[in-house]
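Q: Shown below is the structure under consideration.
There are 2 protein chains.
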Amino acid sequence: MRLAGFKGAIYPVNTRYSDVHGIPAYPDIASVEGDVDLAIVAVPARIVPETLEACANKGVTSAFVFSAGFAKTGAKGQAAKARITTTARERGIRVLGPNCIGLYNADIVFFGTFTATFEDRFPQPGPIGLVSQSGAYGSHLSLLAAQRGLGVRYWVTTGNESDINVPEVIDWFAGCPDVSVIVACSEGLTNTSTLLRALGKARARGKPVIFMKVGTTEVGAEAVRSHTASLAGSDEVCDAVLRQFGVYRAHSSEEMLDVAYAAGFGVFPRSRCVALMTISGGVGVQMADAAVKAGLDVAPMTDEAQATLKRHLPFGASRNPIDITAQAFNDVGLVSSNLQLILDDGRYNSVIAFFSYVASSKSMVEPIFSALRDAKRQHPDCVLVLSIIGPTEIVRRYEEAGCPVFEDPTRAVRAVSALAYLRASFDRPAPVHPETSELNPPLPAGPFSEHGAGQILVGAGLPMAEMTLVTTAEHAVEAAATVGFPVAMKVCSSDVMHKTEIGGVALDVGDTDGVRTTFHRLAQTGRAGTDGGFEGILLGRMAPPGVDMVVGVSRDPSFGPMLMVGFGGTLVEVLSDVSFRLPPIDAEEAKRMIGELRGFPILAGTRGASPYDVNAMATALVELSTFAACYGGDLESAEINPLRVLPDGQGVVGLDAVVITRTR
Amino acid sequence: MRLAGFKGAIYPVNTRYSDVHGIPAYPDIASVEGDVDLAIVAVPARIVPETLEACANKGVTSAFVFSAGFAKTGAKGQAAKARITTTARERGIRVLGPNCIGLYNADIVFFGTFTATFEDRFPQPGPIGLVSQSGAYGSHLSLLAAQRGLGVRYWVTTGNESDINVPEVIDWFAGCPDVSVIVACSEGLTNTSTLLRALGKARARGKPVIFMKVGTTEVGAEAVRSHTASLAGSDEVCDAVLRQFGVYRAHSSEEMLDVAYAAGFGVFPRSRCVALMTISGGVGVQMADAAVKAGLDVAPMTDEAQATLKRHLPFGASRNPIDITAQAFNDVGLVSSNLQLILDDGRYNSVIAFFSYVASSKSMVEPIFSALRDAKRQHPDCVLVLSIIGPTEIVRRYEEAGCPVFEDPTRAVRAVSALAYLRASFDRPAPVHPETSELNPPLPAGPFSEHGAGQILVGAGLPMAEMTLVTTAEHAVEAAATVGFPVAMKVCSSDVMHKTEIGGVALDVGDTDGVRTTFHRLAQTGRAGTDGGFEGILLGRMAPPGVDMVVGVSRDPSFGPMLMVGFGGTLVEVLSDVSFRLPPIDAEEAKRMIGELRGFPILAGTRGASPYDVNAMATALVELSTFAACYGGDLESAEINPLRVLPDGQGVVGLDAVVITRTR
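Going down the list, the sequences are from chains A and V.
Residue numbers for the first sequence follow this note's numbering, beginning at 85 and rising by one.
Residue numbers for the second sequence follow this note's numbering, beginning at 85 and rising by one.
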């Protein structure tokens, strides 16, 4: 801090030395003359609580604890960590750590950290607030950011999180006027209600949150458990919630910093429509492949613009990618005139231009630079990303003109896709913050049979198939005559979960005799195969054909009740083609949720087939999500399997249901 | 070339100037005194053919044509390109280009290229041979390689490929003693038989081929068509063939150079088992996630090794990832002792160690360096990859000790996965080079009914369901009595492709009356619904239940007949879960092919279910592949759909087939 020029007072406290690096040291914090804003605590773990007490007595309101040996080392460590938490709460002192590597504010050169990454240079301030649970990884990122000229204004590591946690820091960044990009790294998602509030706040202020949550695989999750002693929720659920709240989830350091870098320019494209400009046909194709895979829209230019372009450049490609070829060397005016054509076309909210070494070669840098600067001035809302290889000082010039620069064209494409994703999330209405209403009467006590579960779900507005519970053969025959043939008949019991496996289901029963015979057979199966919960036989008219889906609610250890949708059938289970949301959701979110399924084309109507009723499916998901949000506290799980989706306009119908309650 | 110190003679030929850059120029090539090895032709497109003639007259046997304006500019350009090809063939001159940017040999500083990427430095020789169809992209790669200190010995761009093409250059690299890593970039796959021969040669010599073929998406393929005027085959087919021949397919420049760099160290791990060593628990998890996603095996250390490790380092994680924590700062001996433990464990063929900035900090570099160097000396066959941030000179030291270095831990993981992939492909028996045998009698002329197609496939050794073709009701009843009830009955005609849609299929016919009634109904449908090709009714016993697959052969524009396998059903079609191979294949390859299907767990037995007969399935694929290889020239397509896979040990049975022939 002294090397960097920190202007505040620094008071070493040490029991053995009278000065530290030439600064007079105090034997204890009580002796310090003057007010102390923050205490940096690097003492043996066992005396951390008393040290914090001493800090509190001195009137210190915040501390960072470097000392290690807490969460990872069994019950004793956990107890010591709990003592820190208690001291923090009771004495009104906010604590970072223990076992964290500190924090910095690059703006006022306050480097309150033990990281060893400042040997070459100090971090420069910029638009980024970075929080990392891991100190070593946070240091790694800080160094990488500094090396590529990426400014991190605030840097916080949280370590074992006895008090301050990652979600709280995100919340603080969200409210901080000089942070416009938030980068967060965490090994698990804890304090989820703080997290969701913080994410909502960031989104509302148009601040992108770029999140890396490790532990996406089984082995990874196991390593998180052993490393942080915390239980990880399902990674798919975490992924869904982050997406729902508009967070960009990164899977590597490179991706995280690339997106933070691009987001720092503050321009987010209104659409996913991108123009690709290139001096190499091959790279144009490579970018087009990457863009399409990233879900960007590589729409062709208008015919008119293409014709104009062809007049300028008969050998080039004018559709999109737009290949201005090596001819740009001979006639650099082509860069400007083609860029103009692309931007005037009006449909493109992003342009990615591959110039490789050409944009930094001595003869080309000036004309290309002014073409880009002028284009950017005329179209400030258009994202203009460059793929260039060149020395830092030339790259900085392009950056100052407002253009993010990437060496690798594929990384440029990924950055544009991320910016468009973030813009779409800013433009969406705020996700509803889920709160389990305490006003709702509790669910009746379970266990429920299919009939009981169905009644609960019908009460929640879900379109379950009409089924009559019959207890005699004559009653069954009567009911069948009323609903019409053919009918389905099923054993109904509160303790049969796998009706099919015990032979408790009969489909397509076609006549009165069939109903009678089937009733006796099923009743016998029901009585024999279930353990006292047998209620009778459910009978209903066979449902019309459609696509069988599964919708449900299940509890995640981090987020509580989660809404789920997927296709029915074993193969789809193996391919795990399911999609999650935190309830409640509205119809638009429900449609996005359905649209995320890889098998979605089946519902939309594939290869000339007619579409199915996606709107009714979305409505059912909304109803189920409201049910989950209201009764989440009482609910272990709820599932409609199958939920049959009928042809478009004909609705959906739930054919079987399970509801399992829990004690709050 | 003069700046770089090229030692050969350079003869400018120019009609207007008597010297070029101070070197005396000749008015024409005939006047040049002395032998010429290579002519660099940069003249207007229209006089290229006569210029090549003049070169040939002078005895020049190779030329590189820079001139552009050929393939991309319509019929006239194509004709001009064809003239170059003719001249090359007739006059025995090998031609690179036209419209290419040249070639270099960094070893003898022969830089016969117009690339503008040498402003800063000349490329350094190294183990890599790089060939790129695109000149601009080839230049981009050459510059990136030079910047990261990656040596490219030979660099060739092929442009419009009037004579020399990418496959031929790969073939040359494969035979070249001073090239050990081959990097190739191409927009389409042409000259496939040369390509396959070249890939086989490289593989046999243990030289990795790292290939980027752009045009993987529809938009990309469209851009290739407009750029190179060539028709692209299916990208999935291309992907399958490259994998079958052990090629590593890269999807970005970064990935390509990362893998080439790591492969240049010449050590390829014997297994996919990797140890992850880290100074940050969070990064350990991140690497574990990336490794599992890449299909690496992050196996835990033995209990004994873990116990030893725990004694050294009670706060660390000892399973795998192995977290030696920031404690490594205080006790650097931990690096060496833990590395020893990991390597002595014996199960790991690769170690990835994340040291971030620590390995290059002043106090740590020497002890870490010697620990790694010693480990590498003792275990030269183990791949030891580092994730380090540091200045170039420190990185070079680690590299000289035999350790590839990556800043990003995720990229380090990807590189190890690539090396293991390459080793597995070197270790496999050579793929059989497919040749359509001209000795086989041609297939009978089509069109074929299901019955005819089935007979052909039975002849090829495929286990088709036994079906009897019956033409009278009595004959049907008799056949049913022989095979046993229930039976399946189907209209058989050479011109009904969609039997189900016209109501031409009856399943589960349970008794004699049913057979008689069904016969009459189907016969009527068959006569009415087909156009003269009606042959009768096929009758067979209902097949036992199983998993329905599709296997087939179809023609790819680049590779000819390709073998395909996938799951049956619409949903799976939408998810395009299929796998391809170039026939013929052996049983091992067939099993790999089946194993690539995402739905494979269904066949293997998922969630306690019994497995299906994968061996019989593999045998059927081998038979079909042999059939395709023998009759490929006559075959438009062949498909068995469904091929029902029965429970393990019970075989497979083809339930329907289509064979379509073509004129050779």
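Glycine included, each C-beta is placed from N, C-alpha and C at the ideal position.
Predicted model only: the values in this text are computed from it and were never measured.
(1) Identify whether Leu503 (chain V) lies in helix, strand or coil by the three-state DSSP scheme.
(2) Do Ala282 (chain A) and Ile254 (chain A) have their CB atoms nearer than 9 Å?
(3) Quick check on Gly765 (chain V): does DSSP put it in helix, strand or coil?
(4) By Cβ distance, which residues of its chain are closer than 7 Å to His463 (chain V), with the 5 residues on each side in sequence left out?
(5) Could you tell me the distance, in whole angstroms, from the CA atom of Lys165 (chain A) to the CA atom of Gly153 (chain A)?
(6) Indicate whether at least one CB of chain V lies closer than 9 Å to the CB of Leu315 (chain A).
(7) Is there a Cβ of chain A sitting closer than 9 Å to that of Arg746 (chain V), yes or no?
(8) Taking the alpha carbon of Phe90 (chain V) as the reference point, which residue from V:Thr242, V:Ala190, V:Pro251, V:Phe329 has its own alpha carbon closest?
(9) Would you please verify whether the beta carbon of Asp373 (chain A) is less than 9 Å from any beta carbon of chain V?
(10) So with Cβ pairs under 9 Å, would you call Met626 (chain V) a contact of chain A?
(11) Taking the Cβ atom as the reference point for each residue, do Asn249 (chain V) and Thr274 (chain V) lie within a distance shorter than 9 Å?
(12) Return the bridge partner residues of Tyr696 (chain A) from the DSSP annotation.
(13) Which runs of the beta strand (DSSP E) at least 3 residues long sit entirely within the segment 169-245 of chain V? Give them in chain order.
(14) I need the boundaries of the beta strand (DSSP E) containing Ala359 (chain A), first residue and last residue.
(15) Of all the alpha helix (DSSP H) runs that stay within the bounds of the segment 559-626 of chain V, which reach a length of 4 or more residues?
(16) Per DSSP, what kind of secondary structure is Ser638 (chain A) in: helix, strand or coil?
(17) What's the C-alpha gap between Asn422 (chain V) and Val265 (chain A)?
(18) Could you check the C-alpha separation between Arg178 (chain V) and Ala147 (chain V) for me, to the nearest Å?
(19) Skipping 5 residues on each side, what residues in its chain have a beta carbon closer than 6 Å to that of Pro695 (chain A)?
(20) Quick one: residues in its chain with C-beta nearer than 7 Å to the C-beta of Lys583 (chain V), no 5 flanking neighbours on either side, listed in chain order?
(21) Can you pull the chain V residues whose beta carbon is under 8 Å from the beta carbon of Gly366 (chain A), in chain order?
(22) Where does Ala412 (chain V) land, buried or exposed, given buried means 16+ other C-beta within 10 angstroms?
(23) For Arg682 (chain V), go through chain A and note every residue whose CB falls closer than 8 Å to its CB, in chain order.
(24) For the segment 410-421 of chain V, enumerate the residues whose C-beta is nearer than 9 Å to any C-beta of chain A, in chain order.
(25) Can you give me the start and stop residues for the beta strand (DSSP E) that Ala412 (chain V) sits inside?
(26) Whole angstroms are fine: how far does the CA of Cys487 (chain V) sit from the CA of Phe194 (chain V)?
(27) For a minimum of 3 consecutive residues, which ranges assigned as the beta strand (DSSP E) are wholly contained in the segment 649-727 of chain A?
(28) Would Gly365 (chain A) and Ala268 (chain V) be called neighbours here (beta carbons separated by less than 9 Å)?
(29) Can you tell me whether Ile94 (chain A) is buried or exposed? The criterion is at least 16 other CB atoms within 10 Å of its CB, across all chains shown.
(30) Nearest by alpha-carbon distance to Ser708 (chain V): which of V:Leu234, V:Val698, V:Ile436, V:Ala722 is it?
(31) Are Glu680 (chain A) and Arg625 (chain A) closer than 9 Å when you measure CB to CB?
(32) Does the distance from the CB of Met648 (chain A) to the CB of Val634 (chain A) come in under 9 Å?
(33) From which residue to which residue does the beta strand (DSSP E) around Val72 (chain A) run?
(34) Check for me: the beta strand (DSSP E) holding Lys91 (chain V) runs from which residue to which?
(35) Just to confirm the assignment, what range does the alpha helix (DSSP H) spanning Ser318 (chain V) have?
(36) Within 10 angstroms of the Cβ of His105 (chain V), are there 16 or more other Cβ atoms? Answer buried if so, exposed if not.
A: With the given structure in hand:
(1) Of the three classes helix, strand and coil, the one that applies to Leu503 (chain V) here is helix, per DSSP.
(2) In this structure, Ile254 (chain A) lies closer than 9 Å to Ala282 (chain A) by Cβ.
(3) Residue coverage of chain V in this structure runs from 85 to 748, which leaves residue 765 (chain V) outside it and unanswerable.
(4) The answer, listed in chain order, is Leu427.
(5) Each residue's CA atom was taken as its position, placing Lys165 (chain A) and Gly153 (chain A) some 9 Å apart.
(6) For Leu315 (chain A), the pLDDT reaches just 45, beneath the cut-off of 50, and the residue's location in the model is therefore unreliable, although a value from the coordinates is still provided. Not closer than 9 Å to any Cβ of chain V, the Cβ of Leu315 (chain A) fails to qualify, so no.
(7) So no, Arg746 (chain V) is outside the interface.
(8) Of V:Thr242, V:Ala190, V:Pro251, V:Phe329, the smallest CA-CA separation from Phe90 (chain V) is found for V:Ala190.
(9) With 9 Å as the cut-off, Asp373 (chain A) counts as an interface residue toward chain V.
(10) With 9 Å as the cut-off, Met626 (chain V) does not count as an interface residue toward chain A.
(11) Yes, Cβ-Cβ distance for Asn249 (chain V) and Thr274 (chain V) is below 9 Å.
(12) Among the bridge pairs identified by DSSP, Tyr696 (chain A) is matched with A:Pro731.
(13) 178-180, 186-189, 194-197, 212-216, 236-241, all fully within the segment 169-245 of chain V.
(14) For Ala359 (chain A), the enclosing beta strand (DSSP E) begins and ends at 358-362.
(15) Here the runs fully enclosed are 596-613.
(16) Strand.
(17) Spanning the two alpha carbons is a distance of roughly 39 Å.
(18) Spanning the two alpha carbons is a distance of roughly 6 Å.
(19) Excluding residues within five positions, the ones whose Cβ falls inside 6 Å are Ala688, Gly689, Asp732.
(20) A distance below 7 Å between beta-carbons, with the five flanking residues on each side excluded, links Lys583 (chain V) to the following residues of its chain, in chain order: Lys574, Val575, Val589.
(21) Those are Ser216, Gln217, Ser218, Ala220, Tyr221, Cys269, Glu271, Val298, His311, listed as they occur along chain V.
(22) Classification of Ala412 (chain V): buried, given that the 10 Å Cβ count is 16 or more.
(23) Going along chain A in sequence order, the residues near Arg682 (chain V) (Cβ under 8 Å) are Val658, Leu659.
(24) Those would be Ala410, Gln411, Phe413, in chain order.
(25) For Ala412 (chain V), no beta strand (DSSP E) segment is defined; the enclosing uninterrupted segment is the alpha helix (DSSP H) at 411-414.
(26) Distance between Phe194 (chain V) and Cys487 (chain V), taken at the CA atoms: about 31 Å.
(27) Those beta strand (DSSP E) runs which fall completely within the segment 649-727 of chain A and span 3+ residues are 662-665.
(28) No, Cβ-Cβ distance for Gly365 (chain A) and Ala268 (chain V) is not below 9 Å.
(29) So Ile94 (chain A) counts as exposed.
(30) Here residue 708 (chain V) is Leu; the residue named in the question, Ser, does not match the sequence. The candidate whose alpha carbon is nearest that of Leu708 (chain V) is V:Ala722.
(31) No, the pair does not count as a contact, with Cβ atoms beyond the cut-off.
(32) Their beta carbons are under 9 Å apart, which means Met648 (chain A) touches Val634 (chain A) by this criterion.
(33) Nothing about residue 72 (chain A) can be reported from this structure: the residues present for chain A run from 85 to 748 only.
(34) Here Lys91 (chain V) belongs to no beta strand (DSSP E), and DSSP marks it neither H nor E.
(35) Counting along the chain, Ser318 (chain V) falls outside any alpha helix (DSSP H), and DSSP gives it neither H nor E.
(36) His105 (chain V) should be labelled exposed.
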